[in-house]
Amino acid sequence: MDFPVLLTKHVFTNKDGSLGVLYLVSSDTALTYTQLTTLYHRRWHVEEFHKSLKQNVALEKSPTRTETTQKNHIFASMLAFIKLETLKVHSHLNHFALKNHLYLTALQTCFKELKLLQQQAQASTIQFNSLYAVDKKVL
Numbered sequence: 001m002d003f004p005v006l007l008t009k010h011v012f013t014n015k016d017g018s019l020g021v022l023y024l025v026s027s028d029t030a031l032t033y034t035q036l037t038t039l040y041h042r043r044w045h046v047e048e049f050h051k052s053l054k055q056n057v058a059l060e061k062s063p064t065r066t067e068t069t070q071k072n073h074i075f076a077s078m079l080a081f082i083k084l085e086t087l088k089v090h091s092h093l094n095h096f097a098l099k100n101h102l103y104l105t106a107l108q109t110c111f112k113e114l115k116l117l118q119q120q121a122q123a124s125t126i127q128f129n130s131l132y133a134v135d136k137k138v139l
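Take a look at the structure:
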């Protein structure tokens with residue numbers, strides 16, 4: 001490199017007990033370690049925000065083509081993000097865990113409803129067959 005940089009190394013313990021290493025680099029050599037880590041900590045929230053917008057609320061996968069529908073899609077995505085943030089605060093789960101939980105709950109509800117519909121259809125078939133059998137005997 002043709003210019004000086006500030007390089008810090010942060011060693012930490014992961015939840016599973018393994019050691020992790022985080023290197024932070026800045027072109028501002030006047031920063032202290034605390035200032036640099038605080039700055040990166042703030043920036044990391046912005047990274048999480050963008051990642052969640054793309055992966056959890058489908059901002060990146062907009063099927064829209066007109067300006068109005070694009071604006072509506074962005075608004076709906078932002079609203080979904082706000083709802084995820086609210087759930088995150090109350091449930092203490094991250095957006096990815098919340099999304100998985102919501103999908104799992106939706107699938108379970110769908111399968112319960114499908115089973116109920118199958119039971120109703122089966123009961124209707126049995127009732128129809130018994131009525132049809134009675135009608136055949138009368139004839």
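Heads up: the sequence shown begins at 1 in the UniProt record's numbering, then just goes up one per residue.
C-beta: ideal position from N, C-alpha, C; glycine also.
Alpha-carbon to alpha-carbon, residue j and residue i
i: cysteine 110; j: phenylalanine 12; result: 43 Å
i: leucine 6; j: serine 27; result: 6 Å
i: residue 142; j: glutamate 47; result: Residue 142 is absent from the model: the chain starts at 1 and stops at 139.
i: lysine 62; j: asparagine 100; result: Per the sequence presented here, residue 62 reads as serine, with lysine not at that position. Near 21 Å, if we compare the C-alpha coordinates of asparagine 100 and serine 62.
i: isoleucine 82; j: leucine 116; result: 34 Å
i: arginine 43; j: aspartate 2; result: 25 Å
i: leucine 22; j: lysine 71; result: 38 Å
i: serine 130; j: glutamine 120; result: 15 Å
i: leucine 102; j: phenylalanine 49; result: 19 Å
i: phenylalanine 128; j: glutamine 122; result: 10 Å
i: threonine 34; j: leucine 114; result: 56 Å
i: histidine 10; j: histidine 45; result: 18 Å
i: glutamine 118; j: histidine 95; result: 34 Å
C-beta contact flag for residue i and residue j at 8 Å
i: threonine 8; j: leucine 24; result: yes
i: proline 4; j: threonine 29; result: yes
i: leucine 31; j: valine 57; result: no
i: leucine 98; j: lysine 112; result: no
i: isoleucine 74; j: leucine 93; result: no
Any non-hydrogen atom of the ligand COA closer than 7 Å to residue i Cβ
i: phenylalanine 96; result: As for the ligand COA, it is missing from this structure, which has no ligand bound.
Inter-stretch contact at 8 Å, needing at least 3 Cβ pairs: the segment 70 to 79 / the segment 46 to 62: yes
Any beta strand (DSSP E) of 3 or more consecutive residues that is wholly inside the segment 5 to 87: 6 to 13, 19 to 26
Meets three-Cβ-pair contact criterion under 8 Å: the segment 58 to 68 and the segment 103 to 121: no
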